[in-house]
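S.K.: Could you have a look at this structure, given as structure tokens, before my questions?
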Amino acid sequence: GGLFEVHQLEEKYEETIQIPDAAFETVFNFFDEYDWHLDDRPLRNQNEINPDVLGYIFEKYINQKQMGAYYTKEDITEHISKNTIIPFLFDAAQKACKIAFKPDGALWALLRENGDRYIYEAVRQGVDLELPAEIAVGIEDVSQRGGWNKPAAAGFALPTETWREHVARRQRCLELRQKLAVGEVTQINDLITYNLDIRQFAQDVITSCESSDLLKALYQAIEQVSVLDPTCGSGAFLFAALNILEPLYTACLERMQGFVDEDDLRLSREVDAKPRYEKFRTTLAEMAKHPNPRYFVLKSIMLNNLYGVDIMEEATEICKLRLFLKLVAQMEAQPRKDNFGLEPLPDIDFNIRAGNTLVGFASLDEVRKAIKQDGAQLKLDFQDDASRIDEKAELADRAFQRFRQMQTEFGMNAIDFRESKKELRRRLAELNDELNCYLAREYGVDADKPAVFEKWRDSHQPFHWFIEFYSIIDRGGFDVIIGNPPYIESSKVKSLYDIQGLTTVSCGNLYAICMERSLAIMKDSALLGFVVQRPFSSTQRMKLIRNLLLENSSMVLCSTYDDRPSKLFDGINHARIAISISQKSLKNKEPKVYVTPYEKWYKEERERLFQVLSYSESNQHVNLGCFPKISSFLESDIIEKIISCKNTFSSWISPTTTKDNIYYKITGVGHWFTITARPPKFLRQGQESSSTRESLISFSDKKSRGRALSVLNSSLFYWFYQVRTNCRDFNPSDYKTFPIPLSLDGEDLSELSEKLCKALDLSSAYINVNHSQTGAIQMEQFKPREAKPIIDEIDRVLAQHYGFTAEELDFIINYDIKYRMGRDNGGDD
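In my numbering, the protein residues as written are 8 to 836.
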């Protein structure tokens, strides 16, 4: 399997390496302090270790600090993997067996006949119970929603759920039931956008399959799907992909056996009958050669489906080791068979590769372009060189296919296998050397100067997708790309390597550049699923990657996650996250965009977070220039009313500094804005001072200041800010561009603004902070939530000017109220 082959250090130094036994004894004694398990059992004691721990340790303590990568929890990897891999499998099967996917066919009948099976239990919780009368009356009559912010009763509620949240979930569940019952769901992507149990559906389609053609199409899709993590680390996403594919492989094999058993029964009854299902019989016979069915399935997935690349070679070694251990755990020693019933581990050295995802040639066209430029300078015929490299790459790929085939052959000669691997490595090394020379010249590096060239090559670690995965790139690219690319500013790696030829370098963060690279190496109709930082969905500097995604996709889903009160990634400050799932399309059509609200949750809600996720189709990304964080058509209607206003907040601002100012924090926005009519008090070591985080806005008179102060403290402004920004920094563009109705210019909000100022002053208190450079600091802090009744009055006035309905005003006043007011106060209506 590559795990025990001669190491490159041994090859280089041969017999000169001498390590005393005592050194190994120390290491072995240390390892003996732990209990080692091959399976993935829950760990009960601190001295227990399973293969998953290896990956966790690497990404938590090594990779995180060096490369900006973080350990991704299983609920995230599972959510992304199932919603990319399974849709691709069904799309591929549909191309091969169109008749099975007719809207009125048996496949979609599963959804019509047993819809609840595919609606997550968390969504169905308490939905079939009759609502208390005092809650039910508020559904049609907004004025009767007096108790909706109180905790919902046991039996109805999910953890921490209020009646308002329960009613929203209840209505969504009933709508889903209706859509499923009348047969509205007839596309696999619908199961993503409605957030249905796509894994259960895929499993049921296979196990209930009555068409051998459909089963063959599904198995072929599963056998051939290529899943890549371009920044794989120690393999969290590849293991998630394996966990998605394994039960589908197994279900296909079991269903094949069912077809064969039925056919064998027919053969026993019919004289002169000929056996059917040749493909199924061949596959089952191949499986029978292995120690057990699960070993066959896992080995097939590792060899045929999983691919990973990482710039840290240590990460790829741990990833391969974890995969090997997963296989070894399936072995069952059988002394009566040769070699105790064990078989050689697969060699996945050419599936999991070390190199720089962002530096290197992605396609033959890129190689041709580089050779053409080089040839023009040297006045050479570039066409011959390009054809020669393509031919060499094809020959290397044939060697790779032969190498892979050898691993499935029993009775394989070990010497032949080693020689085959050595030959494959030689061919790839030769090609890499040649392409590195062309690439170096693009970087202005003279390949004829060995010291300079080697320094550049070692720092940039070029990875040429075109040759490393030739057959995949040659047929259009990868089918599914998933992962958690590094969250690190490009400027921080510039001293190590430079990135050229990718347009999103200007976005300034590696995750955006990884997304662009992924789009270049995936085939048409392939799916891309990444977990990235939250600014991806809204900030101006990430506009380029958003537009690139929209231009190359038929569907884009974006869900966003706050880091208060809980976060997706523990141990990371400012862990505001976005998850993007998209399907590539080369047809220039406007893609469908689906978004979620800004997800917030308490720790006990995490277990069901992805089950209750609710997408809403939105075209507001065009108007707002971002992926808006909204949950319903009601919010879209509010946005329409806001952006139709002819005026903006900027028209109220004085072009010069005046005495009528309001003050705000430029960053650290939480559940509230703190906008005040006076600067918060700030003491450095007991002396009056000011904070660099504070800024001000000037107005021509007190009446204008009062209107501005009221608007910026309103729940309406807070909601609109959350919808379209990074939800952390408060930039001038965030308030200057806020649309204002012309009628509001004549509204006198002085009395409300004065009441608000008094309430904020009464809520203020000092907090003490010790700063490493400036020493002790005392800061005045306000608690806007204590002024919520006054803020509600402001929102009622604003609603009249914007033309909101009673339902829309109710939404604004109660937006995020459980988290803004806190669990202890959320019940105060």
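All residues carry an ideal CB built from backbone N, CA and C; glycine is no exception.
Every value quoted in this text rests on a predicted model; they were computed, and no experiment measured them.
Give every residue of the same chain whose Cβ lies closer than 8 Å to the Cβ of F706, excluding the five residues on either side of it in the sequence, and list them in chain order.
M.R.: W659, I660, S661, T665, D667, N668, I669, R712, A715
S.K.: So S219 and Y284 are supposed to be a Cβ contact under 8 Å. How far apart are they, rounded?
M.R.: 6 Å
S.K.: Tell me, to the nearest whole angstrom, how far the beta carbon of K438 is from that of I396; I am working on the premise that it is less than 8 Å.
M.R.: In the sequence on display, residue 438 carries Leu and not Lys. With 8 Å as the limit, L438 and I396 qualify as a contact, their Cβ atoms being about 7 Å apart.
S.K.: Below 7 Å between beta carbons: does that hold for Q210 and A258?
M.R.: yes
S.K.: Near D817, which residues of its chain fall below 8 Å by C-beta distance, leaving aside the five closest residues on each side in sequence?
M.R.: Cβ neighbours of D817 beyond the five flanking positions: V149, R152.
S.K.: Less than 8 Å between C-beta atoms, sequence neighbours within five positions excluded: which residues of the same chain meet that for V192?
M.R.: W115, L118, K186, L198, Y201, L203
S.K.: Suppose the cutoff is 6 Å on Cβ atoms and the five residues either side in sequence are ignored; what does the same chain contact list for L723 look like?
M.R.: D802, L805, I819
S.K.: So what does DSSP say about H86, is it helix, strand or coil?
M.R.: helix
S.K.: Label A783 either buried or exposed according to how many other C-beta atoms from any shown protein chain fall within 10 Å of its C-beta, with 16 as the threshold for buried.
M.R.: The residue is exposed, with fewer than 16 neighbouring Cβ atoms inside 10 Å.
S.K.: Can you tell me the Cα-Cα spacing of E441 and N54, whole angstroms?
M.R.: 49 Å
S.K.: Whole beta strand (DSSP E) runs in the stretch 685-753 with 3 or more residues, listed along the chain?
M.R.: Taking only runs of at least 3 residues, the beta strand (DSSP E) segments lying wholly in the stretch 685-753 are 689-691, 701-706.
S.K.: Taking 7 Å as the threshold (C-beta atoms), are L431 and T91 in contact?
M.R.: no
S.K.: Relative to the alpha-carbon of R262, which residue among K286, R276, L245, S770 has its alpha-carbon at the smallest distance?
M.R.: For the residues K286, R276, L245, S770, the minimum Cα distance to R262 belongs to K286.
S.K.: Taking Y445 as the reference, which of E523, L435, F460, S589 has the closest Cα?
M.R.: Answer by Cα proximity: F460.
S.K.: Can you tell me whether G536 is buried or exposed? The criterion is at least 16 other CB atoms within 10 Å of its CB, across all chains shown.
M.R.: When all chains shown are included, G536 counts as buried.
S.K.: Just tell me which of L305, Y302, L260, N299 has its CA closest to the CA of T289.
M.R.: The residue with the shortest Cα to Cα distance from T289 is L260.
S.K.: Which residue from L435, R176, E606, P94 puts its Cα closest to that of I146?
M.R.: R176
S.K.: Less than 6 Å between the CB of E754 and some heavy atom of the ligand GDP, yes or no?
M.R.: Summarising the ligand content, the structure contains no ligands, and the ligand GDP is consequently not present.
S.K.: Pull up the distance between the alpha-carbon of K709 and that of Y773, whole angstroms please.
M.R.: Those two C-alpha atoms are separated by around 28 Å.
S.K.: In whole angstroms, what separates the C-alpha of V730 from that of K636?
M.R.: As the crow flies, the alpha-carbon of V730 is around 5 Å from that of K636.
S.K.: With burial defined as no fewer than 16 other Cβ atoms inside 10 Å of the residue's Cβ, what is the status of R48: buried or exposed?
M.R.: exposed
S.K.: Does the contact criterion of 3 or more C-beta pairs under 8 Å hold for the stretch 726-740 versus the stretch 669-687?
M.R.: yes
S.K.: Given L332, which residues of its chain have a CB within under 8 Å of its CB, disregarding the five upstream and five downstream residues?
M.R.: Contacts found: L45, P58.
S.K.: Identify, in the order they occur along the chain, each residue of the same chain with its Cβ nearer than 7 Å to the Cβ of Y605, setting aside the five sequence neighbours on each side.
M.R.: T567, D569, K636, Q729, C734
S.K.: In the DSSP assignment, what are the bridge partners of G315?
M.R.: D236, I359
S.K.: Between L756 and S717, which are expected to be in contact by the criterion C-beta below 8 Å, what is the C-beta distance as a whole number of angstroms?
M.R.: Contact between L756 and S717 holds, with the beta-carbon distance rounding to 4 Å and staying under 8 Å.
S.K.: Over what stretch of residues does the alpha helix (DSSP H) that includes F35 continue unbroken?
M.R.: 28-38
S.K.: Can you tell me which of the three DSSP states G490 falls into?
M.R.: DSSP places G490 in strand when its eight states are reduced to three.
S.K.: Put S513 into one of helix, strand or coil per three-state DSSP.
M.R.: helix
S.K.: Using a 10 Å radius around the Cβ and a threshold of 16 neighbouring Cβ atoms, would you call Y302 buried or exposed?
M.R.: buried
S.K.: According to DSSP, C652 sits in a beta bridge with which residue or residues?
M.R.: DSSP output for C652 lists no bridge partner at all.
S.K.: State the Cα-Cα distance for the pair G490 and I798, rounded to the nearest angstrom.
M.R.: 42 Å
S.K.: Quick one: is Y609 buried, meaning 16 or more other Cβ sit within 10 Å of its Cβ, or exposed?
M.R.: exposed
S.K.: Should D486 and S233 be called a contact, given that it needs their Cβ atoms to be closer than 7 Å?
M.R.: With respect to S233, D486 sits close: the two C-beta atoms are nearer than 7 Å.
S.K.: Where does W43 land, buried or exposed, given buried means 16+ other C-beta within 10 angstroms?
M.R.: exposed
S.K.: Expressed to the nearest angstrom, what Euclidean distance is found between the alpha-carbon atoms of F842 and I24?
M.R.: Since the first residue shown for the chain is 8 and the last is 836, residue 842 is missing from the structure and cannot be characterised.
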